[in-house]
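Engineer: Structure below; questions to follow.
Residue numbers (the numbering used here): 103 to 610.
This is the structure in C-alpha cells:
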C-alpha cells in the first residue's frame, strides 16, 4: 500500500516514488510473468535480455484525444473542424519511429511528420496516406523532393537551394500532380529560444528555415506561385507556450500579407508545427506549473492570433511528437551489480546512454524519474524520506558520463532488483547509440485502457491486472550488431574475419 498521505509533509520523495512505482507495478509484474525480463544472473545472451522497453498505447490514445479536444479536426465525435479549411494532426515520426507506433497513429487518425525520406517510407508502409504525410528536413536532395511531390506528399522547403530544387522537380510533373502539390516555406520568425538551446529552432542564428530578417518572403511567394503553404516551428522542450504562439502569430501576419498583396489566397496550408513540452518531473495527470496541456497551448495561440488563424480558410497542420508519446513509455532493467565508491551507492544496470543519449550528456535538461522494484516486480516502498539513500544509477557503457541518475534519493537498490525509467516513449530508442556494440533491448506494447479489441486488459485477478503484450521489436542479437559493422564483399559476405553467421548459435 502507499505511504500515508498524512506523511506527505515529511516524506515527499518517498510518496512520489511509491505513487509512480505502484502505477507501473501491475504491468511490470505481468511482463515478468510473461518472461519478458530475464534475471541478470542468467547465462550469456539468453532469449530475452535483462532489459526491455514498454509502451502503453492506451496513454497514446488519450493524448491524441486531448489534442483533438483542444484542436478539433473533424475526424472524430462529429465535432466540426476548428479551422474553416480543416485540421490535420500529424505525429512526429522521429519521436518514436516503430512500425507498431505508426500503425497505432494511423488507427488514431493521425498523419505523419517526417524528417527524412526513410521516415516518409516508414509512414507509407504503415498505411498512412500520402495526403497525410509532411516531409520536413533541412537537407533534401532533388531526387527526394521530386519523389515526395510525385506521391502527393506535403513538402516544407528549408532554404533557397531547396526552393530551386522544388522548381526543377515540378518540371517533371504532369498538370494533375502540379495542381495537387503542397509546397511551403519554413519560416524562422527569430523569436528567440527557450531554456534548452538544442531544441530552440527560432533563434537569430538557427539552422532552420528562412529567417525573417534579411529575407523578402513576400517576394519569394510572388516569384514562385507554386508555393501554397507556410510552416513555422519555434521549438519544443524548454520553449514556453507563449513563445511558440507568438511565433505562429508572426508567421500568420506574413501569410496574411502575402495573400493580401498578391490579391489571392495563394497560401492555403498553414503548418503550425509542434512544440508542446513534456513534463519529465511528474505524471501526466498531475497539475504542476510545467505540465503543459494542449488546451493551454490552444489558449496561448488564441491569445496571440485571435480568431484570424482559424477563420481565413487555411488548412491547419500540427506536428506533435514528445507531447503525444513520452508518457506512454517506460524502460525496465535488472540491476547487474551494486557497489559503494567514495561513500556513494552505485547501481549498474543494462540501459544507459545507448538509449538515453540526451540524459547522459545533458542531465540538467533531460532528467528521467527512476523507480526501484524487487526482483518480483513489487515497488520498494519506504515510510519516510529518511529511509531513502542517495545513489547513482549507472549504465553499462565505457565512459563516466553514462549515468541515468546521479545523487538521486531512492530506496536502497540491490543486485537483481529492477529499475524502471519513466517517460521514455519519445526520443530514446529513436536516438539509439551503437557505442560499445551493446544489444538493443526488445520493445513491447500493451493497452491499459482496452482501447483495441483483443489487446490491453484481459482479466483482473485478486490484486493484479494482467496485460497482453505485443512485441514491437525483437531484442537485437550479437549477429545483428556484428552485421552492422561488417563490410560486405561482392558476394554480400564479410571480407573481414569470420562472418557473423559463423559464430555459434548462442551468439546470433
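We treat Cβ as the ideally placed atom computed from N, Cα and C, and that holds for glycine.
(1) Let's test the definition: count the other Cβ atoms within 10 Å of the Cβ of residue 318 and tell me whether it reaches 16, buried, or not, exposed.
(2) Could you check the C-alpha separation between residue 468 and residue 383 for me, to the nearest Å?
(3) Helix, strand or coil for residue 498 per DSSP?
(4) Do you know offhand how far residue 202's Cα is from residue 119's?
(5) Taking the alpha-carbon positions, what's the residue 284 to residue 266 distance?
(6) Looking at the unbroken alpha helix (DSSP H) that takes in residue 219, where does it start and where does it end?
(7) If residue 197 sits next to residue 427, beta carbons under 8 Å apart, how far is it from one beta carbon to the other, in whole angstroms?
(8) Relative to the C-alpha of residue 479, which residue among 132, 233, 199, 346 is closest?
(9) Would residue 245 pass as a contact of residue 235 if the rule is Cβ separation under 8 Å?
(10) Are the segment 393–405 and the segment 482–499 touching, with three or more C-beta to C-beta distances below 8 Å?
(11) In angstroms, rounded to a whole number, what distance separates the CA positions of residue 326 and residue 270?
(12) I'd like to check one pair, residue 205 with residue 190: are the Cβ atoms closer than 8 Å?
(13) So for residue 481, helix, strand or coil by DSSP?
(14) Using a Cβ-Cβ cut-off of 8 Å (strictly less than) and excluding sequence neighbours within five positions of residue 504, which residues of its own chain qualify?
(15) Under the assumption that residue 512 contacts residue 493 (Cβ atoms under 8 Å), give the Cβ distance between them as a whole number of angstroms.
(16) Identify, in the order they occur along the chain, each residue of the same chain with its Cβ nearer than 7 Å to the Cβ of residue 122, setting aside the five sequence neighbours on each side.
(17) Could you give the distance in angstroms between the alpha-carbon of residue 188 and the alpha-carbon of residue 251?
(18) Can you tell me whether residue 548 is buried or exposed, with buried defined as 16 or more other CB within 10 angstroms of its CB?
(19) Run through the segment 448–482 for me and flag every whole beta strand (DSSP E) of 3 or more residues, listed as ranges in chain order.
(20) Once you ignore the five residues that flank residue 143 on each side, which residues in its own chain have a CB closer than 8 Å to its CB?
(21) DSSP state of residue 287, grouped into three classes?
(22) Quick one: Cα of residue 293 to Cα of residue 312, how far?
(23) Is DSSP giving residue 439 helix, strand or coil here?
(24) Please report the distance separating the alpha-carbon of residue 539 from that of residue 583.
(25) Would residue 279 pass as a contact of residue 330 if the rule is Cβ separation under 8 Å?
(26) Is it buried or exposed for residue 464, if we count other Cβ within 10 angstroms and need 16 for buried?
(27) Can you tell me whether residue 409 is buried or exposed? The criterion is at least 16 other CB atoms within 10 Å of its CB, across all chains shown.
(28) Going along the chain, which residues of its own chain have a beta-carbon closer than 7 Å to the beta-carbon of residue 351, five neighbours each way excluded?
(29) Which one or two residues does DSSP pair with residue 378 in a beta bridge?
(30) Output needed for residue 258: all residues of its chain with C-beta closer than 6 Å, excluding positions within five of it in sequence on either side, in chain order.
(31) Pull up the DSSP beta-bridge partners for residue 258, would you.
(32) Just the C-alpha distance for residue 553 and residue 156, rounded to the nearest angstrom, thanks.
(33) Three or more beta-carbon pairs under 8 Å between the segment 418–435 and the segment 157–175, yes or no?
Structural biologist: According to the structure shown:
(1) Answer is exposed; the Cβ neighbour count stays below 16.
(2) 10 Å
(3) coil
(4) Rounded to whole angstroms, residue 202 to residue 119 spans 30 Å at the Cα level.
(5) 15 Å
(6) 219–227
(7) Contact between residue 197 and residue 427 is confirmed by a C-beta separation of about 6 Å, below the 8 Å threshold.
(8) 132
(9) no
(10) no
(11) 12 Å
(12) no
(13) strand
(14) Cβ within range, chain order: 454, 455, 462, 496, 497, 498.
(15) 5 Å
(16) 385, 471, 473, 524
(17) 21 Å
(18) buried
(19) 472–475
(20) The predicted position of residue 143 is uncertain, since its pLDDT is 47 and thus under 50; a value taken from the coordinates is nonetheless stated next. Counting only Cβ-Cβ distances below 8 Å, and skipping sequence neighbours, we find 518.
(21) strand
(22) 13 Å
(23) strand
(24) 7 Å
(25) no
(26) exposed
(27) exposed
(28) 406, 407
(29) Paired residues: none, contrary to the question.
(30) 238, 286, 288, 333
(31) 286
(32) In this prediction, residue 553 has a pLDDT of 48, which is less than 50 and means its spatial position is unreliable; what the coordinates show is noted afterwards. Going from the Cα of residue 553 to the Cα of residue 156 covers about 16 Å.
(33) yes
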